[in-house]
Amino acid sequence: MTPGEYRLRVCYGKTGRLRYLSHLEVVHALERVVRRAGLPFAITQGFSPHMKMAFGPALPVGTAGEREYLDVWLTRYTEAAEVLAAMKRVSPDELAPHEARYVADGERSLTAALTIGTYRVEVDGKEIEETQARTALLELLEGGELVTERKGKIKVFDLTRCVPKDLRVTGRDGGVDIELAVRMGPEGSLRPELLVRRALPPAALQAAAVRTTRTDTLIEEAEGVWSRPM
Amino acid sequence: MTPSDLWPRLEPLLSRIERPARYIDREWGARHVTDAEYRAVLMYPDTYEIGQANQALGILYELLNATPGVAAERAYLPAPDLIELMRAEGLPLFSLESLMPVSDFDLVGITVPYELTWTNVLELLDLAGLPLRASERDDSHPLVIGGGPCVYNPEPFAPFFDALLIGEGEDAIGEMVAVHRRSRETGASRDELFMELARLPGVYVPSLYEPRHDEEGRFIGVVSKAGAPVPVTKRVVADLDAHRAPVCPVVPFVDVVHDRFAIEVLRGCTRGCRFCQAGMVYRPVRERSADAVVRDALAGLACTGYDEVSLTSLSTADHSELEEVLRRLSRRLAGTGVSVSLPSLRVDAFSVDMARLISGAGRKSGLTFAPEAGTQRLRDVINKNVTEDDLIATVTRAFEAGWRRVKLYFMIGLPTETDADVAGIGELVSRVLDAAKAATPPPQRGSVRIGVSISTFVPKAGTPFQWEAQIGLDEVLRRQRLVRESMPRKGVELHWHDAEVSFLEGVMARGGREVSDAIEAAWRAGAVFDAWTERFSLARWTSAFAQVGIDPEDIANRERPLDEPLPWGHISSGVSTSYLIRERERAYQSRTTPDCSFGGCTGCDVCTRLGVEIVTGGVRA
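Quick note, the sequences are listed as chains V and E, same order. Sequence positions in the first sequence follow our numbering and run 1 to 230. Sequence positions in the second sequence follow our numbering and run 1 to 621.
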């Protein structure tokens, strides 16, 4: 809405070891990337001026993301490809931007627009078998509800709403990979990892490592019609 | 990355601990030198959050990584949650960059920042699987060296180190590494290596100095072996500009203390406060030139992406070109949202004006000043050249300029202190509060706050007060009551430094080598993170002292005669003992001594003994 400002959307990954960053740490790190890149960023007005920047839905500590988004407002128009190259030069490899494009200033905010996350949950463990995992997950989903408690707060997830598409389980040497989509919202999002941990027998998970990656973050145009924000 | 990469063993633990980003490396500015034949790990004896911003380690990290054939990495003490898991899983202490076990390095360098981190040093060594004492280590172990602010009395922790550097490390670290590499090549024994190291100026090899006692067990001095020099005199860098400040330091992912780009604008302070160890041992004053400060501040901001630059030193307002530096920085940084901060302010109008220059319209954070004592008499004793008029004028200026809170630092237990001096703290704060309110528009007077922070004076080695008795615990509590009674309540926020912590600091600050046994006993009884209030237990320390037969009160609370040999008598900061004695006498006469970087030489002997001189860009005012 501000004249003379250009809203640039950047798609970046949070991968490898940097999956262990918290959302706040990602925000700080990317602000510093923008400063190091020497971009002409806009500054918010007010008591405590800061870089005008907005992020998509937060990723928890330990969860990787392949297509995460941020918007940054620039005060001078610079070719998106140039901005991208400048940012890449000063980014850690595992928190690097890989796409940049200007979007209309009036577009909805990333948090409001991005309500679908697709995930890959990799479960390592010799005792975990594909068919068994699939059956267990489907059974849990058919139950229709998942109740969680965190720091004394009880939350009930409606699974038919939260898991809008069929999930896919693929066996591989030494474990299984589970792909699923989750509907996210301001009232809190279901953690795919939690779903998997609930479904699989605790004994099987004891020694197993679980790695979660958000593979895509999407806009839901209409029921079941999803698209990327750039 | 390397065959001994511990990542596969660390990663499964990361989902079970808080803030795992502390342990994953990959920060901007982290160096990964792969083709090195000599590897050093620099460690801080506290968690990543506390140690990451340490400027000394940052300087050494950069210098060593720039040395051909040498790689330097970092390690910190993991937080208690990870320590517990590491011990359960048998995972040894690791470096961040290559996740190599610390015990696989050639050199382990530990900074010793504060007395109560000494148990953490033992925790580091033990987690690394290294024997705690130099006497128990052999050629199969890394060389364990140390340095930092505590080395001016190194005795209590000396047995845990193979060598300690007294003073500044810019030149010495390379020399120590070179000696070690050469000894590796020639296959020299550890004893030969130690003798070589002891020949380097400023390097103290504790095992070559043996403390002696008389028949009654009283310390009578040290005997040096194999021609090791006495005293060991501190290393000092003649010209700060000869070593460019690191402009691409590591930029942490997690929130750490001092999370900003810091540039050291000057080293040393000769205000001559008689209680202040830093002011005595870091002499002489050496300023970085205004051009270098501005150039490096801008380069550092560009390289790190920080939105704040801090101009650090013991007394930044003393920099002769500070105003020029701030004006140039403000001009260059306008519109970038970058702020400039000054960590320490003098009690004068100039300091407030400098703070105004960089604070914009906000005036959010308060200003901090240190009058240290409540009466003029006692301020003269400690040579804190601040008058009440200065303080009132400074506070008035600050509140007129829009600040609504100031913080004041005081000490109790200073030499010659009377109850009148103690009560004087509250009376002074009362007048400061009145002045602050008078300078504030009536509708805003309700928001005026004076923070008052009171600590107990701990006599430190190498200062004119090194012979003084620290007041006992009961007396501290009595004087704290006096302060409380004299202090206005409304508008004042009173904070105390824990009396028991100060007592232990006092024992550590002036203890002899035998105190190392107590440190080890306390650590074995579970003492670690003693600087964290919730983990500190004086009872654990009391029984550790009893167990090894040490009377801690005899160390901290007894005035020492001038002719009594001091445990740190063989370590010299370059300041002569006769100067310290003279300053102590002047203290008793309430006579002040001027700052030699403003006026003439006051005869501390540092410049002549160390062959250096005061370096300032302009005339100090």
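Cβ atoms here follow ideal geometry from the backbone N, Cα and C, with glycine treated the same way. Being a predicted model, the structure only gives us computed values, none of them experimental.
Per-residue DSSP class, three states only, for residue i
| i | result |
| --- | --- |
| E:Phe160 | helix |
| V:Lys153 | strand |
| V:Met51 | strand |
| E:Met86 | helix |
| E:Ser502 | helix |
| V:Thr148 | strand |
| E:Met487 | coil |
| V:Pro40 | coil |
| E:Met1 | Here E:Met1 scores only 43 on pLDDT, less than 50, and its place in the model is too uncertain to base an answer on. |
| E:Met100 | coil |
| E:Val265 | coil |
| V:Leu21 | coil |
| V:Val33 | helix |
| E:Thr616 | coil |
| E:His495 | strand |
| E:Glu585 | helix |
| V:Ala100 | strand |
| E:Ile173 | helix |
| E:Glu210 | strand |
| E:Lys234 | coil |
| V:Met184 | coil |
Nearest candidate by alpha-carbon position, reference residue i, set the options
| i | options | result |
| --- | --- | --- |
| E:Val230 | E:Ala66, E:His570 and E:Phe457 | E:His570 |
| E:Val476 | E:Thr418, E:Val515 and E:Pro441 | E:Thr418 |
| E:Pro464 | E:Gly526, E:Gly451, E:Leu143 and E:Ser573 | E:Ser573 |
| V:Glu99 | V:Tyr12, V:Ala112 and V:Lys151 | V:Tyr12 |
| E:Ser486 | E:Lys460, E:Asp214, E:Asp162 and E:Asp421 | E:Asp421 |
| V:Trp56 | V:Arg89, V:Glu66, V:Leu70 and V:Ser227 | Note on residue identity: the sequence assigns Gly, not Trp, to residue 56 of chain V. Residue V:Leu70 is the option with its Cα nearest to V:Gly56. |
| V:Val72 | V:Ala204, V:Val163, V:Leu180 and V:Ser109 | V:Ser109 |
| V:Arg36 | E:Asp259, E:Gly462 and E:Cys303 | E:Cys303 |
| E:Ala317 | E:Pro8, E:Ile17, E:Thr616 and E:Leu6 | E:Thr616 |
| E:Cys601 | E:Ser502, E:Lys437, E:Arg271 and E:Ala334 | E:Arg271 |
| E:Thr47 | E:Thr608, E:Val70, E:Arg22 and E:Val237 | E:Arg22 |
| E:Ser453 | E:Arg379, E:Arg484 and E:Ala436 | E:Arg484 |
Neighbouring residues, chain E, relative to residue i (Cβ below 9 Å)
| i | result |
| --- | --- |
| V:Leu190 | The contacting residues do not exist; V:Leu190 stays about 18 Å from chain E at best. |
Closer than 9 Å at the beta carbon, the chain V residues around residue i
| i | result |
| --- | --- |
| E:Asp623 | Lying outside 1 to 621, the shown extent of chain E, residue 623 of chain E is not represented and no answer is given. |
| E:Ile50 | Per Cβ cutoff of 9 Å: no residues; E:Ile50 is ~17 Å from chain V at best. |
| E:Pro12 | Ala209 |
| E:Thr304 | Arg32, Arg35 and Arg36 |
Chain E residues whose Cβ lies nearer than 7 Å to that of residue i
| i | result |
| --- | --- |
| V:Val61 | Pro20 |
| V:Glu25 | Ala21, Phe253 and Val254 |
| V:Leu21 | Ala21 and Phe253 |
Under 7 Å from the C-beta of residue i: neighbouring residues of chain V
| i | result |
| --- | --- |
| E:Gly337 | Ile43, Pro49, His50 and Met51 |
| E:Ser15 | Gly62 |
Spatial neighbours of residue i in its chain, beta-carbon cut-off 8 Å, leaving aside the 5 residues before and after
| i | result |
| --- | --- |
| E:Pro441 | none |
| E:Ile358 | Leu326, Leu329, Ser330, Ser339, Val340, Ser341 and Leu342 |
| V:Gly185 | Thr115 |
| E:Pro3 | In this prediction, E:Pro3 scores a pLDDT of 49, lower than 50, which makes its location untrustworthy; the coordinate-derived value is nonetheless stated afterwards. Once the five neighbours on either side are set aside, E:Pro3 has no close Cβ partner at all. |
| E:Ile258 | The residue asked about is misnamed: residue 258 of chain E is His in this sequence, not Ile. Within the same chain, E:His258 has close Cβ partners Ala53 and Ser310. |
Proximal residues of chain A, C-beta to C-beta of residue i below 9 Å
| i | result |
| --- | --- |
| V:Leu18 | Looking at the structure shown, chain A is missing, and the protein chains on hand are V and E. |
Heavy atom of the ligand NAP within 7 Å of residue i beta-carbon
| i | result |
| --- | --- |
| V:Pro40 | Absence of the ligand NAP is noted for the structure shown, with no ligands found whatsoever. |
Beta-carbon proximity list for residue i, same chain, < 7 Å, skipping 5 on both sides
| i | result |
| --- | --- |
| E:Tyr152 | Gln277, Val281, Ala461, Gly462, Trp568, Ile571 and Ser573 |
| E:Leu124 | Met43, Pro45, Leu77, Leu93 and Ile110 |
| E:Glu192 | Ser183 |
| V:His23 | Ala58 and Leu59 |
| V:Thr111 | Gly56 and Pro57 |
Cutoff 6 Å; reference residue i; Cβ partners in own chain excluding five residues on either side
| i | result |
| --- | --- |
| E:Gly472 | Asn557 |
| E:Arg584 | Pro464 |
| E:Leu6 | Phe94 and Leu99 |
| E:Met195 | Ala226 |
| E:Ser502 | Thr456 and Val458 |
Contacts that residue i makes with chain E (C-beta to C-beta distance below 8 Å)
| i | result |
| --- | --- |
| V:Pro92 | Arg26, Glu27 and Trp28 |
Sequence ranges, beta strand (DSSP E) only - wholly within the segment 201 to 230 of chain V, length at least 3: 209 to 222 and 225 to 227
Within the segment 393 to 447 of chain E, ranges of the alpha helix (DSSP H) (whole runs, at least 4 residues): 419 to 438
Start-end ranges of the alpha helix (DSSP H) lying completely within the segment 511 to 540 of chain E, minimum 4 residues: 515 to 524
Runs of beta strand (DSSP E) wholly within the segment 341 to 392 of chain E (minimum 3 residues, chain order): 367 to 372
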